[in-house]
Every structure is written in structure tokens, then in C-alpha cells.
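Contents: one structure, followed by commentary.
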Amino acid sequence: MLALAALAVPRLSRRPTAPPPRIPSPLQAAVLWLLAMVLVVAAGIVVAGVAALIALRTGLAPDRAIELLLDPMGSPLVTTPTWISISILASDLVLALLVWRFLRRHRLFLHEVCPLGVPSLRDLSGALLCVFGLAPLSRMLAELARRHLPHDVNNAETMVVALTRGISVGELCAVLLATALVPAVVEELLFRGVLTRGFLRSNLLAVCVPSAMFGLFHLEPTQAAGAFVLGVGFGIARLYTDSVLTSIACHLAYNAYELIDVYTGGQVGSTDLHLGRVALGLSLAAVGFGLMVVHPGQRLPRRERAR
204 MLALAALAVP
214 RLSRRPTAPP
224 PRIPSPLQAA
234 VLWLLAMVLV
244 VAAGIVVAGV
254 AALIALRTGL
264 APDRAIELLL
274 DPMGSPLVTT
284 PTWISISILA
294 SDLVLALLVW
304 RFLRRHRLFL
314 HEVCPLGVPS
324 LRDLSGALLC
334 VFGLAPLSRM
344 LAELARRHLP
354 HDVNNAETMV
364 VALTRGISVG
374 ELCAVLLATA
384 LVPAVVEELL
394 FRGVLTRGFL
404 RSNLLAVCVP
414 SAMFGLFHLE
424 PTQAAGAFVL
434 GVGFGIARLY
444 TDSVLTSIAC
454 HLAYNAYELI
464 DVYTGGQVGS
474 TDLHLGRVAL
484 GLSLAAVGFG
494 LMVVHPGQRL
504 PRRERAR
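Start counting at 1 in the sequence shown, then tack on 203, and there's your number in our numbering.
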């Protein structure tokens with residue numbers, strides 16, 4: 204939380220707020236993403252180490268503790284809300300620190316790399332339609348990825364079930380904070396804020412490259428496949444409303460919906476591809492895109508041009 208606060212508070216400086224040079228460059232963005240991947244893996248190792256120490260303190264033999272933590276279906280790291288939430292928070296903490304350090308290193312303000320304008324109701328509605336319209340395609344790609352994985356491997360759906368299974372309303376609120384709100388804020392500041400800025404010479408690159416980075420960032424194959432499609436929606440929302448706040452709102456809404464839907468008894472475990480839903484979803488996404496792009500009597504899509 205301190206890292207999030209550090210990102211939100213402008214850095215004190217006597218220099219004028221004139222727009223800085225185009226930072227990051229595409230190369231800097233790629234290096235920053237690779238560093239983020241390394242730090243996230245390191246954070247996961249640290250969390251696993253802490254879990255192993257706790258297991259040893261309960262009296263488990265070292266080999267049994269390691270076997271338990273490495274079990275892809277029985278490890279508490281992927282089957283209990285507490286440890287899943289801790290893992291996600293640890294990953295987002297290192298990402299927040301990375302963004303903060305990047306801003307400090309290049310003497311930048313947050314708003315200089317992450318446009319933070321409040322979107323209009325029309326823009327926000329269009330962005331939400333676009334993101335949720337892409338959700339069926341995201342699920343279909345995740346299912347196709349799942350079909351090529353061993354059956355004893357945890358995937359995105361089983362982790363969502365683990366997060367919401369047998370918890371109280373109060374615990375659900377804590378899960379939403381740890382796995383919906385914090386990731387939405389931190390990941391969007393990095394992917395749709397800092398990294399997207401490195402590819403703004405082309406709207407196509409500004410949407411697709413950070414989306415691919417966003418997908419690979421999730422590591423688990425089914426999550427990666429689905430996250431790429433959702434990342435496209437978040438990227439479109441960010442570019443065509445000129446605000447990272449829009450993509451944060453969409454990311455939060457989608458994460459929260461998925462968790463609350465499963466918590467309230469929504470269907471899980473379906474292996475159908477639902478092509479009809481994909482077609483309907485893409486139609487809704489097109490409507491949402493139109494709401495963001497077409498403003499009667501005003502300009503066409505707002506685009507940030509490289510200086």
C-alpha cells in the first residue's frame with residue numbers, strides 16, 4: 204500500500220512541467236518489461252520460501268513440505284485464498300516499486316507517462332462494452348490453451364474457484380481488494396501507462412505490443428491467452444479515451460465480475476467454445492468502440508502522437 208501511495212503522490216521538483224522527451228523508448232519499454240518478469244518470478248520464489256518455512260514450523264519434514272508446495276493441484280499457493288492473494292500482492296508490490304523507481308530514475312511525474320484524465324460517461328460505457336464484449340473470445344482462447352495442457356495443472360479458472368470457495372462476504376471483500384483492485388491499478392499503470400507510452404508512434408503497436416507483454420506476464424498459459432485479448436480491450440480503452448483511469452476501471456470491473464460471478468454460483472468448468480457468444484461479444488465490442496470513437500460534433504478518435 205505504501206508503494207501505491209508513493210505512485211499517487213507527485214514527486215516534488217522545482218523544474219517546470221514541460222513535456223519530457225519520449226520516455227520510455229521501445230527498447231527501454233522492452234527492458235523494463237523483462238525486468239518486471241524477473242522481479243515477479245523472484246517475488247513468487249520469496250513467497251514460496253516463506254510458505255516452506257511456515258510448513259517446516261508446523262512439523263512437516265523438509266521433503267514433505269517441498270512436495271506439498273510443488274504439488275500443482277494441492278499446493279496451498281494455488282488452492283487457498285490467503286496464499287493466492289499474498290502471491291498476487293507480492294507481484295504487484297514489486298511492479299509498483301519498479302514503476303516508482305523508473306519515474307525517479309528519469310525524473311518524471313506520474314501524469315507525464317500515464318494520462319489520468321477522468322473519462323466521460325459515454326467513453327467509460329464504450330470502454331466497458333468493448334472489454335466485456337471481448338470476454339467470450341478471451342475465454343475461448345483460454346479454453347483452447349487449456350486443451351493442450353496436462354489435466355493435473357492448475358489454470359485460471361481453478362484459481363478463481365479457489366479464491367472464492369467457502370469464504371464469507373467480508374473475506375470476499377478482502378479478496379476483491381487484493382486480487383481485483385490492486386492488480387487493476389498497478390498493472391494498468393505499468394502496461395497501459397509506462398509501457399504503452401513507448402509504442403505510441405503507432406496505435407496498432409501501442410495496443411498489441413503491451414497486450415502481448417500483459418499476456419506473457421501472467422505466465423500460466425490459459426491466463427496468458429485470455430489476458431492478451433483482454434489487454435487489447437484495455438489498450439483500446441486507454442488510447443481512445445486518453446486516460447489510464449479508463450483501463451483501470453475496466454480491469455477492476457472485469458476482475459471483480461469474474462470473482463463475484465463464481466462466488467454467487469456462476470457456471471464453471473464448461474469446455475464448450477461458445478462461438479455464438481464470441482460473435483455477440485465482438486458485436487458489443489464494436490458498439491463500444493464506436494461510442495469511444497464517434498463523438499457527434501466533435502473530433503474523431505483522440506490519439507497521442509509522438510513528438
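Every residue gets a Cβ at the ideal spot worked out from N, C-alpha and C, and that includes glycine.
Note that the structure is predicted; figures quoted are calculated from it, not measured.
- With contact defined as three or more Cβ pairs closer than 8 Å, the segment 394 to 405 and the segment 221 to 241 are in contact.
- In this structure, DSSP gives Leu292 a helical state, which the three-state scheme calls helix.
- Here Ile451 is not near Val410, since their CB atoms are 7 Å or more apart.
- By the C-beta density criterion, Pro318 is buried, having at least 16 other C-beta atoms within 10 angstroms.
- Burial check for Glu270: the Cβ neighbour count within 10 Å stays below 16, so the residue is exposed.
- The beta-carbon separation of Leu375 and Tyr466, rounded to 6 Å, stays under the 8 Å limit for a contact.
- Counting of Cβ neighbours within 10 angstroms places Ile287 among the buried residues, the total reaching 16 or more.
- Nearest in C-alpha terms to Val378, of all of Ile463, Gly262, Ala489 and Met495, is Ile463.
- With distances taken between CA atoms, Ala246 lies nearest to Leu300 out of Tyr460, Leu324 and Leu300.
- Fully contained in the segment 305 to 351 is no beta strand (DSSP E) run of length 3 or more.
- Linking Phe420 to Ser414 through their CA atoms gives a straight-line distance of about 10 Å.
- Using a Cβ-Cβ distance cut-off of 8 Å, the segment 343 to 353 and the segment 433 to 451 are not in contact, since fewer than three pairs of beta carbons, one from each stretch, lie closer than that value.
- Collapsing the DSSP output to three states places Ser450 in a helix.
- Looking only at Ile289, Glu360 and Gly491, the smallest Cα-Cα distance to Phe437 is reached by Gly491.
- Taken through DSSP and simplified to helix, strand or coil, Asp464 comes out as helix.
- Apart from the 5 residues on each side of it in sequence, Val297 sits with its Cβ closer than 6 Å to the Cβ of Leu242 and Ala246 in its chain, given in chain order.
- In this structure, Leu384 places its C-beta atom within 7 Å of the C-beta atom of Leu455.
- If you draw a 10 Å sphere on the C-beta of Ile439, you find 16 or more other C-beta atoms in it, and that means buried.
- One Cα belongs to His309, the other to Gln231, and the distance between them is close to 11 Å.
- Ranking Leu238, Ile291 and Glu391 by CA distance to the CA of Val249 puts Ile291 first.
- Spanning the alpha carbons of Ala430 and Leu344 requires a straight line of approximately 10 Å.
- Shown here for Val334: same chain residues with a beta carbon closer than 7 Å to its own, the five before and five after excluded, namely Leu433, Gly436, Phe437, Ala440, Cys453 and Tyr457 in chain order.
- Pairing Val244 with Val481, the inter-Cα distance amounts to about 33 Å.
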